[in-house]
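These notes concern the structure reproduced below.
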Amino acid sequence: MTKARTALVTGASRGIGAAIALGLAARGYDVALNDIDRQKTELEGVAGQIRATGQRALCLYADVSDKAQVEAMVAQARADLGEIDAVVNNAGILISGPVDGLPEQVWDAVMDVNAKGTFMVTQALLPSMKARGYGRIVNIASIGGKHGAPEQAHYSASKAAVMGFSRVLAQEVGPLGITVNCVCPGIILTDMGRVNLDDPETRSAWSAKTAMARIGDPEDVVGPVAFFASDDAAFVTGQTLNVDGGIVFS
């Protein structure tokens with residue numbers, strides 16, 4: 007019997023992260039689920055759904071921007087589930103505000119989770135991936151990192167950083183059997199996405215901007231992530247894929 011692949015998904019308690027975790031489980035992965043302590047109820051709920059499919063699920067509570075917490079999380083994941091084949095760096099936050107009034111601590115918080123967190127989790131996993139000569143790293147960026155929107159300069163900067171980080175890392179680890187790719191969701195109906203979608207007129211305007219004339223659902227992001235995490239994408243690395251229903255054409 008072939009051993010199930012194992013994935014770690016950060017920010018997995020709701021929205022895109024939960025959908026990705028459930029989607030990978032449906033494709034035969036055992037899943038380590040990460041989020042912060044206050045999301046415990048939601049994260050345990052996602053784990054329960056995964057276990058109901060017959061796959062293993064492990065809940066791990068850590069702030070992805072804290073090196074000690076991340077290293078402890080990765081060590082526990084490997085101890086309980088075995089080697090991690092794929093990581094999906096999905097954890098992210100969005101706190102809107104104009105540049106001229108943006109508090110330094112808000113800039114730091116967004117950059118710490120979105121950009122530094124991706125780096126920290128990846129760095130903690132690289133030694134074991136390099137030792138095995140195998141790894142799939144999928145980083146969730148955003149079309150906001152390409153174009154952005156008013157009052158989201160810091161968010162845009164953080165996601166652009168994720169894309170730049172991924173392109174360089176792909177070059178560093180490609181010879182070692184490790185791929186690194188980005189998925190850039192567009193306007194997706196999640197708790198965080200509602201920052202852009204609370205107003206009905208705004209929601210309608212965003213729908214009209216997409217070629218497919220609709221707002222995305224978290225499940226729309228799952229297939230592209232699963233592809234990058236799979237052996238079907240063994241010769242694909244350093245790429246950024248827009249999953250936005252047709253807003254950014256590049």
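Numbering (my numbering), first residue to last: 7 to 256. All C-beta atoms, glycine included, are put in the ideal place defined by N, C-alpha and C.
Residue i versus residue j: straight-line alpha-carbon distance, rounded
{"i": "C188", "j": "I101", "result": "22 Å"}
{"i": "M135", "j": "I90", "result": "8 Å"}
{"i": "N137", "j": "Y35", "result": "One detail in the question is off: residue 137 reads as Ala in this sequence, not Asn. Roughly 21 Å separates the two Cα atoms."}
{"i": "V227", "j": "P191", "result": "7 Å"}
{"i": "A240", "j": "R173", "result": "16 Å"}
{"i": "V112", "j": "A13", "result": "30 Å"}
{"i": "S71", "j": "K122", "result": "6 Å"}
{"i": "L108", "j": "G88", "result": "43 Å"}
{"i": "A219", "j": "G251", "result": "8 Å"}
Residue i, enclosing alpha helix (DSSP H) - first and last residue
{"i": "A32", "result": "G21 to A32"}
{"i": "I56", "result": "K46 to A58"}
{"i": "L175", "result": "A159 to V179"}
{"i": "V112", "result": "E110 to M117"}
Start-to-end residues for the beta strand (DSSP E) that takes in residue i
{"i": "T246", "result": "T246 to V249"}
{"i": "V37", "result": "D36 to D41"}
{"i": "T208", "result": "Taken as a continuous stretch (DSSP letters only), T208 belongs to no beta strand (DSSP E), being part of the alpha helix (DSSP H) at P206 to K215."}
{"i": "V15", "result": "T12 to V15"}
{"i": "V93", "result": "A92 to N95"}
Coil, strand or helix - residue i by DSSP
{"i": "G150", "result": "helix"}
{"i": "T124", "result": "helix"}
{"i": "L81", "result": "With the sequence shown as reference, residue 81 is identified as Ala, and Leu is not the correct amino acid for it. Here A81 sits in helix by DSSP."}
{"i": "P191", "result": "strand"}
{"i": "R62", "result": "coil"}
{"i": "G103", "result": "coil"}
CB-CB length for residue i against residue j, believed under 8 Å
{"i": "A126", "j": "T246", "result": "Just to set this straight, residue 126 is Met in the shown sequence, not Ala. The pair is not a contact, with the Cβ atoms about 21 Å apart (cut-off 8 Å)."}
{"i": "A18", "j": "N40", "result": "6 Å"}
Option in the options with minimal Cα separation from residue i
{"i": "P224", "options": "V15, T16 and G21", "result": "G21"}
{"i": "D86", "options": "C65, Q55, D106 and V76", "result": "C65"}
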